[in-house]
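S.K.: Please read through the structure below; I'll follow up with questions.
There are 4 protein chains.
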Amino acid sequence: MIIQLSKQITEEQKQLVFTSIEEQNCKWREIDTQLGSYLLVLGKIGFDIRLIGNLPGITDIHRVTDDYKLVSGKWKTHPTAIVLDDQVSIGAGDLTVMAGPCSIEGEEQILATVEFLEKLNIRIMRGGVFKPRSSPYSYRGAGIDGLKLWHSICAPRGIRIISEVMEMDQIDAMYPYVDIYQVGARNSQNFNLLDALGRIDKPVMIKRGLSGTIDELLYSAEYVFSGGNEKIILCERGIRTYEKAYRNTFDINAIPILKEKSHLPVIADPSHGTGIRSLVEPIALASVAAGADGVIVEIHRTPEKATSDAQQTLDFDEFGRLCAKARAVYNLVAG
Amino acid sequence: MIIQLSKQITEEQKQLVFTSIEEQNCKWREIDTQLGSYLLVLGKIGFDIRLIGNLPGITDIHRVTDDYKLVSGKWKTHPTAIVLDDQVSIGAGDLTVMAGPCSIEGEEQILATVEFLEKLNIRIMRGGVFKPRSSPYSYRGAGIDGLKLWHSICAPRGIRIISEVMEMDQIDAMYPYVDIYQVGARNSQNFNLLDALGRIDKPVMIKRGLSGTIDELLYSAEYVFSGGNEKIILCERGIRTYEKAYRNTFDINAIPILKEKSHLPVIADPSHGTGIRSLVEPIALASVAAGADGVIVEIHRTPEKATSDAQQTLDFDEFGRLCAKARAVYNLVAG
Amino acid sequence: MIIQLSKQITEEQKQLVFTSIEEQNCKWREIDTQLGSYLLVLGKIGFDIRLIGNLPGITDIHRVTDDYKLVSGKWKTHPTAIVLDDQVSIGAGDLTVMAGPCSIEGEEQILATVEFLEKLNIRIMRGGVFKPRSSPYSYRGAGIDGLKLWHSICAPRGIRIISEVMEMDQIDAMYPYVDIYQVGARNSQNFNLLDALGRIDKPVMIKRGLSGTIDELLYSAEYVFSGGNEKIILCERGIRTYEKAYRNTFDINAIPILKEKSHLPVIADPSHGTGIRSLVEPIALASVAAGADGVIVEIHRTPEKATSDAQQTLDFDEFGRLCAKARAVYNLVAG
Amino acid sequence: MIIQLSKQITEEQKQLVFTSIEEQNCKWREIDTQLGSYLLVLGKIGFDIRLIGNLPGITDIHRVTDDYKLVSGKWKTHPTAIVLDDQVSIGAGDLTVMAGPCSIEGEEQILATVEFLEKLNIRIMRGGVFKPRSSPYSYRGAGIDGLKLWHSICAPRGIRIISEVMEMDQIDAMYPYVDIYQVGARNSQNFNLLDALGRIDKPVMIKRGLSGTIDELLYSAEYVFSGGNEKIILCERGIRTYEKAYRNTFDINAIPILKEKSHLPVIADPSHGTGIRSLVEPIALASVAAGADGVIVEIHRTPEKATSDAQQTLDFDEFGRLCAKARAVYNLVAG
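For the protein sequence lines, the chains are H, W, Z and X, in the order given.
Heads up, the first sequence is in the working numbering, so the first residue is 1 and it goes up one at a time.
Heads up, the second sequence is in the working numbering, so the first residue is 336 and it goes up one at a time.
Heads up, the third sequence is in the working numbering, so the first residue is 671 and it goes up one at a time.
Heads up, the fourth sequence is in the working numbering, so the first residue is 1006 and it goes up one at a time.
Spelled out as structure tokens, the structure:
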């Protein structure tokens, strides 16, 4: 059960609510986020709502039968929009497009990408500076200095930055330079990291694990929300199956089911989701048709020269076409 | 290597071609379909095309590096359209919609469905009369009598019938009453059945196996084509993965990759592909956005009363809306 | 519910039982096998056993809560043994070993294998004459003539033959020459074939499907049993997973769980189960340690010259060592 | 390529080696572990070994074609043993058994377990104090205080402790109280954690990811080794598949293939590997038969009262029987 508390609730009124819950032999957990105050009442089925429903300081009470609570779509009637500024928001009725290289390489590359994104009126640039790599001998990214350089180019132009955080230690270091933290597939169940991201006030995009279930992704989001951060974006990026024709099997079904089960915005990553350049456009369009709030796409001025993920990276022309079609499909389906 | 032969080729000219191939120590296999004559040259890499290219009776020669040959997209520049009649064709530039109940139940049900399909200008009705069931104690379908009844209602109205064949014996029995044979997921690698379907002249729609690979589906199609039947439709219907949130995981990636690897039309089955009613529409739209030539959907006047598959069956209103949106997406993406 | 009928039950007594069941609004299905007579009462939970328990002609009554009934371990207290002759039985307290080439090639190969098996006191030889192949252009086996030749060599020596049947038509043709019919992974849910095998009196070994579930395998066995044939062997042969280090992922867990859920003997196929020669011995030993009643192994005098499956085939020496160890592990674990 | 350096190598000699490598346009990476000094030469195929083979200070040179190098079995002819003390070593020719509860609960529980382990002559106790849980609302373990209590009971008796580390921060805090760090399945690709564990001198057991590949597990081990810690144990604990009959699908194939590809010891976890109590013994025996160096098993005095994982936990009697059988199988197979 989720009890929404008024922002004006007094300490005294709160105590009254606590007592009332305890009298019914229930446990509660208080959650304060940037946006609201909640009491979670856990582990009881027969709780009598009428006994607390009229207490002062309570805004609303919702029964949520799912095991995840705060991210469930059962209590929030409107989908959540993540607002970054006047011009940039996610899940607010426009198609969100995030694009950029797999790895941040240097000034020239950043600048070329930024200028191209501006032409297409895209306001969020993706890029990796800490790269999770299967092999310890692979390139691990430009690091915090790369991020600072990137930020110095984007910030004056109002281009927002999304980048992956791999480790609790990096959260503070990245904070001034990043607008959205991305949790990668391999850290999708790094619970300490998720806990820590619950304590900051910037949006977090959580990618589904390599073989993460829908429920596990929602639980991971619940970690962040219950830690105090409501600004969560879910991302489908392909799962592992027996099929070897693509690097990952983009799971289109995840999009409508996440939209159904949760109030959080859902972004599709067709680049990692397939690992094949020619599949990026059709899967991006499919995702939008299936109800995704946006797409995140790997692009590079010269994909064949990209430091990483060249085989799934679009060039600017390909991406421009994808973008136009995706917006048309979005308007058709959402309209 | 595929050698296309002229229909006017004489027996003498043919012998000359055979000899020429054998002189290069290659084996050939002659394939005659409803539409053409082909020689497959197998198992040789260094074949010198110039030595036979100018022989009389040869229309064209194509190198195909895939292991499947005749169904490969490498030799046929235009996608194949399956033409049933003036009004009904598949893969010819219009969205194909097939719809109907999981199981054929009786006259009233058939009639209601047919009349509804006619209103939506849908010309192909699906339905099962031989039902593959995991348990021997489940209902196994209305059988050949059900098919006859169904045909007696559809034929006068020009509504075409697609229905599953489970066994070689049924091919002849079904022949007068069916317009498209469907090979189900469980028979996707029933090679004797595929061989036998290669010897008839009606279209065959092959569903991908429960955990069939893209290559296996194309090989199964190659069985039918090399048996003499070019009229083949491929169908994605969901695969088995670890995810339990849906009955099957509809593999959207299969659609663009099958279109890329093969010249055959591709149909999406979002009903079996997900097993969840609320997912049928978004996955149908996604499939069309990803390039599918059509969709096949389970519908029922009163889904909750359907003999089988009730939980994934749309009612007529839901399907009407899906249909309108799917056509709009098709026109947008294909246009 | 399973009602075991006495072999001496009269027609009159039977009618009494039927009437009694129908009076409780239940449906029954009569099943006569080589070994017994059963009435299955389906689809009723609240059936009152006392009302029929004392009727003449009833030997025993068992409630079985599984959806599969006759193959369930819930009603049969002793594991089933499949007895071929005085010396050859499966599941009767000795380790069963079946071995032979992937494909039957010719007299010399058969003879060499038979003589080797005799030295190891192995009484069942495996081999394929009808080969299910993904590609229509692959070798499809020596056919019925190959089987006849093979039988002519084995029969005088008392070596029993297990071979795959792919199609209903082949059942009768193979009958005089085969001792155990094998249903391959791709036909594991070919229900018409399973039905037909229920009507014969020779043992049937059913392989688990490429991505068949435990329940589906048991349901497939239920098809054969309810068709009238109790002589069923289950076979684990590896499943499809994301892992590419082996051709299939041998599912060791299937062995103890099948032994727990069913009374049927379970054979392990480590050759197809892994597809890697060096893994055949450890997986064979593991299977025996996990409770398998036997193993079926691909062997060839000169594996590198085998017509098919060379990469997973053991030579005679390797197999001899495997055999000795497997018997020692069996005696240790079963003892 | 791996160049083993003498411990007596002088700085001058080292420089000579570096120069020689660079002259061939190769990059090198120096790795110092508790046990040895290595130079990895990466990314070159045509390196001429003769040019450096005779340089002073070089003990041995090995070409390793795998992408992982130091953990590969291609350069180390003898399997690695992890020696904890005179009595406790892993991979040294005796079956290693680790056992204990899922979660450390309190003094009484610890003491009962320790005394039981001593009776069976088992020297390594497992237990969780930091628990990775899908839901943020589940119990997360007794924490560092639980570990201290546990250690205070085990240390005087010479019982060694293996416990999971979830986060870089915990490494130092746990250090005085833990003998083997366990990296859980969800952190199997937490590369920062693996890097950090490479900098300590206690053994690390790495569990395969939920859907980790064999190669990924070896790469994760390579992170630890190349970080400076050679004491690595690999652990198979079940993977995700479509099969729902067990919680995970224990992948028996991983055991022989890891032993083949790597020189590191391999431990089987049949408890998490199956999630089903009745399967723990057969899968443990199977693992030993397949070549595992040991098993790790969840046990509890009263499994039904365990804080977590009750459904897969053995009681003491069951485990005693398992242990005796596992040792017999080990002696048979290894002997």
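Beta carbons: idealized from backbone N, C-alpha and C, even for Gly.
Looking at C-alpha atoms only, which residue of Ser135/H, Leu40/H, Val71/H and Gly57/H is the closest neighbour of Thr10/H?
M.R.: The residue you call residue 10/H lines up with position 10 of the first sequence. Of Ser135/H, Leu40/H, Val71/H and Gly57/H, the residue nearest in Cα terms is Gly57/H.
S.K.: Pop quiz: Pro1308/X and Leu1319/X are said to be a contact at Cβ under 8 Å. What is the actual Cβ separation, rounded to whole angstroms?
M.R.: By 1-based counting over the fourth sequence, the position of residue 1308/X is 303. By 1-based counting over the fourth sequence, the position of residue 1319/X is 314. With 8 Å as the limit, Pro1308/X and Leu1319/X qualify as a contact, their Cβ atoms being about 7 Å apart.
S.K.: In the DSSP assignment, find the beta strand (DSSP E) that holds Arg830/Z and state where it starts and stops.
M.R.: Against the third sequence, residue 830/Z aligns to sequence position 160. Taken as a continuous stretch (DSSP letters only), the beta strand (DSSP E) holding Arg830/Z covers Arg830 to Glu834.
S.K.: What do you reckon, are the CB atoms on Ile937/Z and Ile672/Z nearer than 9 Å?
M.R.: For the purposes of this step, residue 937/Z is taken as residue 267 along the third sequence, with counting starting at 1. For the purposes of this step, residue 672/Z is taken as residue 2 along the third sequence, with counting starting at 1. For Ile937/Z and Ile672/Z, no; Cβs fall outside 9 Å.
S.K.: Distance cutoff 9 Å, beta carbons only. Does Val664/W sit that close to anything in chain H?
M.R.: Residue numbering aside, residue 664/W sits at position 329 when the second sequence is read from its first letter. For Val664/W, the answer is yes, since a Cβ of chain H falls inside 9 Å of its Cβ.
S.K.: Buried or exposed: where does Ile124/H fall if 16 or more other Cβ atoms within 10 Å of its Cβ makes it buried?
M.R.: Taking the first sequence and counting its residues from 1, one reaches residue 124/H at position 124. It counts as buried.
S.K.: Would you identify the three-state DSSP class for Gly1096/X, choosing helix, strand or coil?
M.R.: Position 91 of the fourth sequence holds residue 1096/X. If DSSP states are grouped into helix, strand and coil, Gly1096/X belongs with coil.
S.K.: Is it buried or exposed for Phe191/H, if we count other Cβ within 10 angstroms and need 16 for buried?
M.R.: Here residue 191/H refers to the residue found at position 191 of the first sequence. By the 10 Å Cβ count, Phe191/H comes out buried.
S.K.: Considering only residues of the same chain and omitting the five flanking positions on each side of Asn1059/X, which have a CB-CB separation below 7 Å?
M.R.: In the fourth sequence, counting from the first residue as 1, residue 1059/X sits at position 54. Here the set comprises nothing.
S.K.: Leaving out five residues on either side along the sequence, give the residues of the same chain with a beta carbon under 8 Å from the beta carbon of Arg133/H.
M.R.: Reading the first sequence from its first residue, position 133 is the one you call residue 133/H. Once the five neighbours on either side are set aside, the close Cβ partners of Arg133/H are Tyr139 and Arg140.
S.K.: What did DSSP end up calling Leu374/W once you bin it into helix, strand or coil?
M.R.: On the second sequence, position 39 is the one that residue 374/W refers to. DSSP places Leu374/W in strand when its eight states are reduced to three.
S.K.: Quick check on Tyr845/Z: buried or exposed, where buried means 16 or more other Cβ atoms within 10 Å of its Cβ?
M.R.: Counting from one through the third sequence, the residue named residue 845/Z turns up at place 175. Per the 10 Å Cβ criterion, exposed.
S.K.: Write down every uninterrupted run of the alpha helix (DSSP H) in the segment 183 to 229 of chain H whose length is 4 residues or greater and which is fully enclosed by it, in chain order.
M.R.: Entirely contained in the segment 183 to 229 of chain H, the alpha helix (DSSP H) runs reaching 4 residues are, in chain order, 191 to 197 and 214 to 227.
S.K.: Where does the unbroken beta strand (DSSP E) through Arg126/H begin, and where does it stop?
M.R.: Here residue 126/H refers to the residue found at position 126 when the first sequence is read from its first residue. Per DSSP, Arg126/H belongs to the beta strand (DSSP E) from Ile124 to Arg126.
S.K.: For chain H, find out if any of its Cβ atoms is closer than 9 Å to the Cβ of Ala556/W; answer yes or no.
M.R.: For this step, residue 556/W is matched to residue 221 along the second sequence. Chain H, which has no Cβ nearer than 9 Å to the Cβ of Ala556/W, makes this no.
S.K.: Do the CB positions of Gln859/Z and Glu886/Z come within less than 9 Å of each other?
M.R.: As a working note, residue 859/Z is residue 189 in the third sequence. As a working note, residue 886/Z is residue 216 in the third sequence. Yes; because the gap between Cβ atoms is below 9 Å, this pair is in contact.
S.K.: Taking Cβ positions only, does Thr1279/X come closer than 9 Å to chain W?
M.R.: By 1-based counting over the fourth sequence, the position of residue 1279/X is 274. Taking Cβ atoms only, chain W never reaches closer than 9 Å to Thr1279/X, which makes this a no.
S.K.: Quick check on Trp1080/X: does DSSP put it in helix, strand or coil?
M.R.: Translated into positions along the fourth sequence, residue 1080/X becomes position 75. Coil at Trp1080/X, not helix or strand.
S.K.: So which residues on chain W does Ser805/Z lean against when the C-beta distance must stay under 8 Å?
M.R.: Mapped onto the third sequence, residue 805/Z falls at position 135. Result: Asp402, Tyr403, Tyr554 and Glu557.
S.K.: Give a yes or no on whether the minimum CB-CB distance between Thr353/H and chain Z is below 9 Å.
M.R.: The structure shown does not extend to residue 353/H, since chain H spans only 1 to 335, so no value can be given for it.
S.K.: Within 9 Å of any Cβ in chain H, is that where the Cβ of Ser881/Z sits?
M.R.: In the third sequence, the residue the question calls residue 881/Z occupies position 211. Chain H, which has a Cβ nearer than 9 Å to the Cβ of Ser881/Z, makes this yes.
S.K.: By alpha-carbon positions, which one of Arg733/Z, Phe786/Z and Asp939/Z ends up nearest to Gln1030/Z?
M.R.: No answer is possible for residue 1030/Z: it lies beyond the span of chain Z, which begins at 671 and ends at 1005.
S.K.: Can you check which of these residues, Leu482/W, Glu443/W and Pro471/W, is closest to Arg461/W by C-alpha distance?
M.R.: Residue numbering aside, residue 461/W sits at position 126 when the second sequence is read from its first letter. For Arg461/W, the nearest C-alpha among the options comes from Leu482/W.
S.K.: For the beta strand (DSSP E) that Ala268/H lies in, which residues bound it at each end?
M.R.: For the purposes of this step, residue 268/H is taken as residue 268 along the first sequence, with counting starting at 1. From DSSP, the beta strand (DSSP E) with Ala268/H extends over Val266 to Ala268.
S.K.: With respect to the alpha helix (DSSP H) encompassing Lys148/H, which residues constitute its N-terminal and C-terminal limits?
M.R.: If you number the first sequence from 1, residue 148/H lands on position 148. Lys148/H -> alpha helix (DSSP H) spans Gly143 to Cys154.
S.K.: Which residues, in chain order, does the segment 585 to 605 of chain W contribute to contact with chain H at a C-beta distance below 9 Å?
M.R.: Residues Phe585, Asp586, Ile587, Asn588, Ala589, Ile590, Pro591, Ile592, Lys594, Glu595 and Lys596.
S.K.: What are the residues in the segment 825 to 852 of chain Z lying within 8 Å of chain W by C-beta distance?
M.R.: Of all residues in the segment 825 to 852 of chain Z, Met836, Glu837, Met838 and Asp839 have a Cβ within less than 8 Å of some Cβ in chain W.
S.K.: Let me know if Ile622/W comes out buried or exposed under the rule of 16 or more other beta-carbons within 10 Å of its beta-carbon.
M.R.: Stepping through the second sequence from its first residue, residue 622/W is reached at position 287. Rather than Ile, the amino acid found at residue 622/W in this sequence is Ser. It counts as buried.
S.K.: Please report the distance separating the alpha-carbon of Gly184/H from that of Val753/Z.
M.R.: Here residue 184/H refers to the residue found at position 184 when the first sequence is read from its first residue. Here residue 753/Z refers to the residue found at position 83 when the third sequence is read from its first residue. Cα to Cα, Gly184/H sits roughly 57 Å from Val753/Z.
S.K.: Buried or exposed for Asn1192/X, going by 16 or more other Cβ atoms inside 10 Å?
M.R.: As a working mapping, residue 1192/X is identified with position 187 in the fourth sequence. Result: buried.
S.K.: Which bits of chain X does Tyr916/Z rub up against, with CB to CB less than 8 Å?
M.R.: For the purposes of this step, residue 916/Z is taken as the residue at position 246 of the third sequence. By Cβ distance, chain X contributes Asn1258 and Ile1262.
S.K.: For the alpha helix (DSSP H) that contains Val1102/X, what are its first and last residues?
M.R.: Start at 1 with the first residue of the fourth sequence, and residue 1102/X comes out as number 97. Element bounds for Val1102/X: not the alpha helix (DSSP H) but the beta strand (DSSP E), Thr1101 to Gly1105.
S.K.: Which of the three DSSP states is assigned to Leu992/Z in this structure?
M.R.: Counted from its first residue, the third sequence places residue 992/Z at position 322. Three-state result, Leu992/Z: helix.
S.K.: Going along chain Z in order, which residues have a C-beta closer than 7 Å to the C-beta of Ser561/W?
M.R.: Translated into positions along the second sequence, residue 561/W becomes position 226. Within chain Z, the residues near Ser561/W are Pro806.
S.K.: Who are the near neighbours of Ile479/W in its chain, counting only those whose CB is closer than 6 Å to its CB and skipping five residues on each side?
M.R.: Here residue 479/W refers to the residue found at position 144 of the second sequence. These residues qualify, in order along the chain: Ala508.
S.K.: Roughly how many whole angstroms lie between the Cα atoms of Ile1205/X and Leu111/H?
M.R.: Residue mapping note: residue 1205/X aligns to position 200 of the fourth sequence, counting from 1. Residue mapping note: residue 111/H aligns to position 111 of the first sequence, counting from 1. Going from the Cα of Ile1205/X to the Cα of Leu111/H covers about 42 Å.
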